[in-house]
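Notes to accompany the following structure.
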Amino acid sequence: EKAGFEHFMIKEIHEQPKAVRDTLNSVLKDDRIDLSEVGLTDEEIKKISQIYIVACGSAYHVGMAAQYVIEDLTRIPVRVELASEFRYRNPILDPEGLVVIVSQSGETADSLAALREAKQRGIRTLGIVNVVGSSIAREADNVFYTLAGPEISVATTKAYSTQLIASYALAVQFGKVREQITEEKYQELIAELKTLPDKIAKIIEDDKERIQWFAAKQANARDAFFIGRGIDYAISMEGSLKMKEVSYVHTEAYAAGELKHGTISLIEDGTLVIGILTQNHLYEKTVSNMVECKSRGAYLMGLTTYGHYNIEDTADFTVYIPKTDSHFATSLAVIPLQLLGYYVSVAKGLDVDKPRNLAKSVTVE
Ligand code: F6R
């Protein structure tokens, strides 16, 4: 059932182009986004005052990326929260707001409890869920099903990618309905969304061997720091989690500008620092943070888009991803980071699909 792959994780990494395409196609009609299956009308979309995205783990990282995209394209304020925090803090919820619960399994205890908490307060809830008929899917007012198919590997890859696409579709449609983007921009964004599956496939094909080689070299790393700004910070969080959970390397994600407020004291000779630079307007800023790490001896990996070749003046190892609209960069940049976590785990001979202490679906609080 692994279809010739050594592990489910790498099989599922390869399934991402299809999973993303299927999820996108489920809300495309004549090259426009149609949320009628999800059950949100234009009138309802126009009234949303505030969006609260609530989730755990990688699904929370989707929320972190989605926050930037939704706020920028719709100008609706977005707050992202860990479900295990949201449910206990007596949240202040605007009655005209929308609570979005993101969950692959649809059974995560804290996410389900957060959903119930929100419903009890009479606020509308939308689930972005993969498992059909799961508790969150059944109880949410509206459901946007991701079409990742069954995910077996404990570390999520394809479900995460489909959750991202779902959140982009919401952002683009909300932006259009609320007249924050022009018809031309709307069509451009949809056309770009449609290119993502092929770009993901190309990254997997082009980078697999190089990243495997790099991962084998880094297999003895004790720590790794993932740094970026804005959307690149959200990508850092997922890259960091992927690596630590399957390879047992201690990793941290840091907003690049925040390093010098304490954490940079951990950088010493040979410490691995991975800089993520997909956002043009933040590129120089993050490069300068990478230079600061390098002058303390860090070993630098850069992850950026084709064209930014001067990163090689700073980084010791570089991975390039295809260009896309800056809002959607997470979908591409996460792929090399998934591969990196996977191949470090393989190089260390670990149980990739079932890392120690973890369960696929966290039904305890
Ligand atoms: C990480 C991972 C977890 C899940 C989290 C939420 O690779 O898989 O962090 O993302 O446990 O699970 P769901 O999405 O099922 O609510």
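Going left to right, the sequence shown walks through residues 1 to 365 as the working numbering numbers them.
We put the beta carbon where it would ideally sit given N, CA and C, even for glycine.
Member of the options whose CA lies at the smallest distance from the CA of residue i
{"i": "residue 233", "options": "32, 64, 52", "result": "64"}
{"i": "residue 40", "options": "244, 271, 241, 98", "result": "98"}
{"i": "residue 82", "options": "113, 338, 353, 217", "result": "113"}
{"i": "residue 326", "options": "343, 281, 291", "result": "281"}
{"i": "residue 175", "options": "47, 197, 116, 346", "result": "47"}
{"i": "residue 253", "options": "9, 284, 239", "result": "239"}
{"i": "residue 139", "options": "230, 125, 151", "result": "125"}
{"i": "residue 74", "options": "342, 177, 283", "result": "177"}
{"i": "residue 88", "options": "110, 266, 137", "result": "110"}
{"i": "residue 12", "options": "208, 191, 363, 149", "result": "149"}
{"i": "residue 173", "options": "230, 69, 362", "result": "69"}
{"i": "residue 345", "options": "293, 302, 250", "result": "250"}
{"i": "residue 347", "options": "221, 206, 203", "result": "221"}
{"i": "residue 106", "options": "134, 91, 203", "result": "134"}
{"i": "residue 102", "options": "90, 164, 158", "result": "164"}
{"i": "residue 343", "options": "1, 3, 8", "result": "8"}
{"i": "residue 311", "options": "183, 357, 276", "result": "276"}
{"i": "residue 180", "options": "351, 84, 71", "result": "71"}
{"i": "residue 188", "options": "203, 229, 204, 169", "result": "169"}
{"i": "residue 190", "options": "363, 27, 3", "result": "27"}
{"i": "residue 258", "options": "247, 241, 230, 268", "result": "230"}
{"i": "residue 331", "options": "194, 263, 284, 285", "result": "194"}
{"i": "residue 156", "options": "265, 56, 266, 365", "result": "56"}
{"i": "residue 317", "options": "211, 227, 225, 358", "result": "211"}
{"i": "residue 302", "options": "265, 236, 268", "result": "236"}
{"i": "residue 360", "options": "5, 108, 10", "result": "108"}
{"i": "residue 365", "options": "29, 84, 6, 307", "result": "84"}
{"i": "residue 267", "options": "291, 283, 245, 248", "result": "291"}
{"i": "residue 131", "options": "349, 115, 151", "result": "151"}
For residue i, three-class secondary structure by DSSP
{"i": "residue 63", "result": "helix"}
{"i": "residue 29", "result": "strand"}
{"i": "residue 253", "result": "strand"}
{"i": "residue 52", "result": "strand"}
{"i": "residue 81", "result": "strand"}
{"i": "residue 221", "result": "coil"}
{"i": "residue 147", "result": "coil"}
{"i": "residue 344", "result": "helix"}
{"i": "residue 352", "result": "coil"}
{"i": "residue 264", "result": "helix"}
{"i": "residue 320", "result": "strand"}
{"i": "residue 277", "result": "strand"}
{"i": "residue 226", "result": "strand"}
{"i": "residue 286", "result": "helix"}
{"i": "residue 189", "result": "helix"}
{"i": "residue 88", "result": "coil"}
{"i": "residue 304", "result": "strand"}
{"i": "residue 358", "result": "coil"}
{"i": "residue 392", "result": "Since the displayed the chain opens at 1 and closes at 365, residue 392 lies outside it and no answer follows."}
{"i": "residue 35", "result": "coil"}
{"i": "residue 272", "result": "strand"}
{"i": "residue 364", "result": "coil"}
{"i": "residue 75", "result": "coil"}
{"i": "residue 242", "result": "helix"}
{"i": "residue 2", "result": "coil"}
{"i": "residue 200", "result": "helix"}
{"i": "residue 338", "result": "helix"}
{"i": "residue 40", "result": "coil"}
{"i": "residue 7", "result": "coil"}
{"i": "residue 97", "result": "coil"}
{"i": "residue 180", "result": "coil"}
{"i": "residue 248", "result": "coil"}
{"i": "residue 15", "result": "coil"}
Nearest-angstrom beta carbon gap, residue j and residue i [assumed within contact, 8 angstroms]
{"i": "residue 314", "j": "residue 278", "result": "That belief does not hold up - the Cβ atoms of residue 314 and residue 278 are roughly 16 angstroms apart, past 8 angstroms."}
{"i": "residue 66", "j": "residue 215", "result": "Not confirmed; about 28 angstroms, so no contact."}
{"i": "residue 355", "j": "residue 198", "result": "No, residue 355 and residue 198 are not in contact; Cβ-Cβ is about 31 angstroms, not under 8 angstroms."}
{"i": "residue 200", "j": "residue 33", "result": "Incorrect: roughly 20 angstroms between the Cβ atoms, too far for contact."}
{"i": "residue 340", "j": "residue 243", "result": "6 angstroms"}
{"i": "residue 319", "j": "residue 298", "result": "The Cβ separation is near 17 angstroms, so there is no contact."}
{"i": "residue 53", "j": "residue 100", "result": "5 angstroms"}
{"i": "residue 160", "j": "residue 62", "result": "6 angstroms"}
{"i": "residue 328", "j": "residue 192", "result": "6 angstroms"}
{"i": "residue 78", "j": "residue 51", "result": "5 angstroms"}
{"i": "residue 166", "j": "residue 104", "result": "Wrong, their Cβ atoms sit about 12 angstroms apart, outside the cutoff."}
{"i": "residue 286", "j": "residue 256", "result": "5 angstroms"}
{"i": "residue 322", "j": "residue 202", "result": "7 angstroms"}
{"i": "residue 246", "j": "residue 147", "result": "Incorrect: roughly 24 angstroms between the Cβ atoms, too far for contact."}
{"i": "residue 377", "j": "residue 289", "result": "Not covered by the structure: residue 377. The range shown for the chain is 1 to 365."}
{"i": "residue 15", "j": "residue 158", "result": "5 angstroms"}
Contact test: residue i Cβ vs ligand 2 heavy atom, cutoff 7 angstroms
{"i": "residue 66", "result": "This structure does not include ligand 2; its bound ligands are ligand 1."}
Interface flag, residue i vs chain D, CB-CB below 8 angstroms
{"i": "residue 194", "result": "Absent from the structure is chain D; it holds one protein chain and no more."}
*Hey, which residues come within less than 6 angstroms of ligand 1, measuring from Cβ to any heavy atom, in chain order?*
Per the CB criterion, closer than 6 angstroms to any heavy atom of ligand 1, the qualifying residues run in chain order as 56, 57, 58, 59, 103, 104, 105, 108, 111, 155, 156, 241, 245, 361, 362.
*Hey, which unbroken runs of the alpha helix (DSSP H) at 4 residues or more fall wholly within the stretch 99-175?*
Counting only runs of 4 or more, we get 109-120, 135-139.
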